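These notes concern the structure reproduced below.
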Amino acid sequence: MKRLLIILLTAIAVAATPAAARVTIDITQGNVDPMPVAAPNFLGADEATQGLGRDITGVIMNDLDRSGLFQVIDQRAYIEKPESVNQRPRFADWRIINAQVLIVGEVEELSDGRIQVATRVWDVYSDEQLGAVAFKTPADNWRRAAHKVADFVYKTLTGEDGYFDTRIVFVHETGPKEKRVKRLMIMDQDGANPIPLTDGLNYQVLTPRFSPTQQQITYMALFDNRPGQVYLFNIETGEQEQLGTFRGMTFAPRFSPDGREVMMSMERNGNSDIFNMDLSTRRLTRLTDNPSVDVSPTMSPDGRRIAFTSDRGGTPQIYTMNADGSNQKRITFGQGRYQTPVWSPRGDLIAFTRQYNGRFYIGVIRPDGTGERLLTESYLEEGPTWSPNGRVIMFYRQTPTRRDGTGGSSQLWSVDLTGRNLRRVRTPGDASDPAWSPLLP
Amino acid sequence: MMKFFKIAGIFASLALVAACASTGPDLDASAGADTTTSAAPTGPVPGSQADLENSAGHRVFFGYDEYTLTGEAQATLARQAAWLKEYPETRILVAGNCDERGTREYNLALGARRAEAAKSYLVSLGVDASRITTVSYGKERPIDPRSTEAAWSVNRNATTTITGAGA
Amino acid sequence: MRFGLFASVVLHLAIVGAGFILPQFITLPDVTSEPYIPLDLIAEAELDLTTSVPAAAPEPVEEEEPDPDLPEPQVEEPEPAPAEEAAEPENLPEPEPEPVVEEPEPEPVKPEPKPEPKPEPPKETPKPPVKKPEPKNDDLDLDALSQLIDKEREDERRETPRDTPSQTTETADRERPAIGAGDRLTASDEAKMRAAIQRCWNAGTIIGAPEPEKLIVVIDFELNRDGTLASSPRVVNELQINLSGNQFWRVAQREALSAVSKCAPYDFLPVERYESWKEFRLNFNPAEMVGR
């Protein structure tokens, strides 16, 4: 009460002062140009560490640049040549080339043979250090150290976790469309270190998905002459196993956010419904029981809701339900066909594929069905997957074949959830069905 | 233990290859007549895949995102049913296929429906359900790779192949 | 042929059997994964400037070198680079009053005057605010209070009801009784100011945040006659931002402050009307930028 009185008195006092001419302006548009960042080559005491420093800086610059949020200023424009990571930069030299952020780093060989990569991030306009970090690692693991640094810079500047120290599993495609060889492959998020995981001889790999908690992948194996089945693949051991043995086809698998369950569709007598398998007990729980197609389940990060595709309304649309299958409701009502919902790890959006007027779109929508935004469009694209920070969507895009049936390549692309920064993702050859790993530990 | 699985896996794979080499039909349309190579020049071996294709037709087609049988499809399946009664030892696989104008996962489900629609119709015409297995290939096994309406319309099908049997 | 059938059936059954019994009958992948090498993280403190870097101590080298024209400029001082940016608005077509004011959402941050003052989330947010920090101390209340007072002051000056949806800042300004000939910001000056700030405001990171429409930042600052900053810009809703615990909001705050600093000097504003533009309040509101 007393406080209120004080406030009231103050209010009167302030109000009584002559009306200030403070001009109020609403700023509702900003520039979305990437933030200019300067990153001189990381320093080193000898040739070896200097060489590593150059390589590491290259990876960091590439990561930051591809994110679309940052633009790395050409090193040739730099005036100051930093001599130590522990020396305060001459900010004026960096302001003059319009850098907003300066990244200075140093590679040092440790007595145990490992390297230490130390980094400082400076705000050029406020002359302040925004953050500092160092990573130790065996020298031949320098790429990951570089991604870790890039993630640190990203987090420092955006307030959210980065996604550079991550990997992508995808389907590597070769051969003509009628006899396509599809094998499972894994690579670093930036396209480095591609490694095939299956040989593609006896079955096609479709729709791989990363476990959000372990080095594990679930995918569908499509055989000749018998129904396709969902498999589990351990990246570290190379072991794989079929998830249960079913008469009908099992497909469209996806891990729950805690990694303990795999949701999937199972077909029985031509009808597909959604089930949930507990990975520890292998018990299967039915979630939908409907004469229509129910596919592509995806769980919200809090584990409470599941979004899926169903054509119970006549055309495929996106629905949500409780994790136990209750309270099913439709959330998409636009024209065309909505499919492949994928819940953002951040929880605020669901990515989807929409078919409309003969074109395919990748879009996002809020879980309550509002705020639909289409991000990209082409002849054929689908299969969105989220970066672990919920900021970037990767998907695959297929081009039409030429008139003689040749051509028609399939490639991975990524786009920011605001629809900006559409980029090709480098893969060895044709690729589809990307799945983003969680941020590596 | 791992090793045992590996070896078992290899044997099983070999078994698969052997089985398909002896009776396994090639799903590829262009190679559909492969099994006739050993046949007499007078025509396909009675009861063979080629015989089925010649005398009944082994494919029925569907409209976009449809799995209901057209009149033409029903006629083809009726001929298949009659043919199957002639060769009661024959077992068949019905594979459902889709065009590329849909998502992978939805098309797998749609293909399953198409295969089931064909199977149900055959069963309704008196073919023993135990002789028929079904599979869906979704949009993964197009007959015609082109990105045209004509290609899509033939890629939306249910294809019958003989898996076991013989005359 | 009979044998062939028999063999085929047996083999097929063998396969099916294998599928059931041996989960791994499929050829194993030709490549397995590589182990991960853990990365040790040194505590940030270990590298912190305050401990390991001679803080702000000018290096001797620095003094020897003939510094370029800019010897460690203060934020307030004019800088070549921003000046270039600031100059650009001059090229803009002289805006009509209407284009200047076409802002569908008036006063994004001003709280409605309520009996109990507390920090208010943006009023135009269509949904009820998820969670807002309850005011726990006087600072916060005072903070909101200053907004409240502003709002009341404005209400006094206005004749139209405050909930008229089409009302804009500019129309509100025009409805105010003239304080003095040079006291009011002209529409063209405001347009120049807005254009400059919008160019300096890096919004790329904010619009991808969850619920970006809530990340409003209000900045007050004063200018010298030459358009340089007369004081460090202040974040009016700083406490609200800090209490929210929303990391994205903090980034929005930093970007807003940075925009005001980067844009200085505001030397495109006419000296003869200095009284009209010596004090500014900018509401940075990213809501409209999110395609919805």
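Protein chains in written order, with the working numbering: chain A, 1 to 441; chain B, 1001 to 1167; chain C, 2001 to 2292. For every residue, glycine included, the Cβ atom is placed at its ideal position computed from N, Cα and C. Nothing here was measured: the structure is a model prediction, and the numbers come from that model.
query	result
With distances taken between CB atoms, is the gap from LYS2262 (chain C) to TYR78 (chain A) smaller than 8 angstroms?	no
Mind checking whether ASP450 (chain A) and SER265 (chain A) have CB atoms under 8 angstroms apart?	One cannot answer for residue 450 (chain A) here, as it falls past the ends of chain A, which runs 1 to 441.
Let's see if you can read the secondary structure: which residues bound the alpha helix (DSSP H) around ASN1107 (chain B)?	1104-1124
Taking the runs of the alpha helix (DSSP H) that are 4 residues or longer, which of them lie wholly in the segment 2190-2243 of chain C?	none
Determine the extent of the beta strand (DSSP E) in which THR1172 (chain B) is found, giving its start and end residues.	Here chain B covers residues 1001 to 1167 and nothing more, so residue 1172 (chain B) does not appear.
From what residue to what residue does the beta strand (DSSP E) around ASP188 (chain A) run?	181-188
By the 7 angstroms beta-carbon criterion, what residues does the segment 2191-2209 of chain C contribute toward chain A?	MET2193, ARG2194, ILE2197, GLN2198, ARG2199, TRP2201, ASN2202, ALA2203, GLY2204, THR2205, ILE2207, GLY2208
Do ARG420 (chain A) and ARG66 (chain A) have their CB atoms nearer than 8 angstroms?	no
Alpha carbons only, please: which of A:VAL72, A:THR166, A:GLN240, A:ARG282 is nearest the one belonging to VAL262 (chain A)?	A:ARG282
Enumerate in chain order the residues of its own chain whose CB-to-CB distance from TYR1064 (chain B) is below 6 angstroms, with the five nearest sequence positions on each side excluded.	none
Determine the extent of the alpha helix (DSSP H) in which SER2258 (chain C) is found, giving its start and end residues.	2247-2263
Kindly list, in the order they appear in chain C, the residues whose Cβ is closer than 7 angstroms to that of THR158 (chain A).	THR2205, VAL2251
Does the segment 141-153 of chain A touch the segment 2219-2239 of chain C, meaning 3 or more C-beta pairs lie closer than 8 angstroms?	no
Count the other CB atoms, across all protein chains shown, that sit within 10 Å of the CB of ALA1129 (chain B); report buried if there are 16 or more and exposed otherwise.	exposed
THR312 (chain A) to ASP348 (chain A), Cα distance in whole Å?	As written in the sequence, residue 312 (chain A) is Arg, which differs from the Thr given in the question. One C-alpha to the other measures close to 26 angstroms.
With a cut-off of 8 angstroms, does the C-beta of ARG346 (chain A) fall near any C-beta of chain C?	yes
Taking Cβ-Cβ distances below 8 angstroms as the criterion, which residues of the segment 66-78 of chain A are in contact with chain C?	GLY68, LEU69
Mind pulling the chain C residues with CB within less than 7 angstroms of MET187 (chain A)?	Under the 7 angstroms cutoff, chain C gives no residues; its nearest Cβ is about 12 angstroms from MET187 (chain A).
At the 8 angstroms Cβ level, is ASP1144 (chain B) part of the contact set with chain A, yes or no?	yes
Between the segment 266-292 of chain A and chain C, which residues of the former have a C-beta closer than 8 angstroms to a C-beta of the latter?	none
On a CA-only basis, which of A:LEU206, A:SER211, A:VAL23 is nearest THR198 (chain A)? Give me that one, please.	A:LEU206
Helix, strand or coil, according to DSSP, for GLY444 (chain A) in the structure here?	No statement about residue 444 (chain A) is possible, as the shown extent of chain A runs from 1 to 441 and does not include it.
Does the segment 356-373 of chain A come within contact of the segment 399-412 of chain A, defined as at least 3 CB pairs closer than 8 angstroms?	no
Is there contact between the segment 1067-1078 of chain B and the segment 1101-1119 of chain B, where contact requires at least three CB pairs shorter than 8 angstroms?	yes
Residues in the same chain with beta-carbon distance under 8 angstroms from ARG1079 (chain B), minus the five sequence neighbours each way, listed in chain order, please.	SER1055, ALA1056, GLY1057
Can you name the residues of chain A whose CB is closer than 8 angstroms to the CB of TYR2247 (chain C)?	Just to set this straight, residue 2247 (chain C) is Gln in the shown sequence, not Tyr. Going along chain A in sequence order, the residues near GLN2247 (chain C) (Cβ under 8 angstroms) are GLY159, GLU160.
Anything in the segment 205-234 of chain A with a Cβ closer than 9 angstroms to a Cβ of chain B? List those residues in chain order, please.	LEU206, THR207, MET220, LEU222, PHE223, ASP224, ASN225, ARG226, PRO227, GLY228
Relative to the C-alpha of GLU267 (chain A), which residue among B:THR1161, B:TYR1137, B:ALA1150, B:SER1147 is closest?	B:TYR1137
List the DSSP bridge partners of ASP278 (chain A).	A:GLU261
Taking the beta strand (DSSP E) that LEU61 (chain A) belongs to, which residues open and close that run?	Sequence check: residue 61 (chain A) is Met here, not Leu. Run containing MET61 (chain A): none in the beta strand (DSSP E); it sits in the alpha helix (DSSP H), 47-66.
In whole angstroms, give me the CA-to-CA distance for ASP224 (chain A) and TRP1152 (chain B).	21 angstroms
Does chain B have any CB closer than 8 angstroms to the CB of VAL295 (chain A)?	yes
Can you list the residues of chain A that ARG2225 (chain C) reaches, using a CB-CB cut of under 8 angstroms?	Neighbours of ARG2225 (chain C) on chain A: none; closest Cβ ~15 angstroms, over 8 angstroms.
By DSSP's criteria, ALA307 (chain A) is part of a beta bridge. Which residues make up the other side?	A:THR298, A:THR320
Among A:GLY159, A:ARG120, A:THR315, which residue has its Cα nearest to the Cα of VAL149 (chain A)?	A:ARG120
Could you give the DSSP three-state label for VAL107 (chain A): helix, strand or coil?	strand
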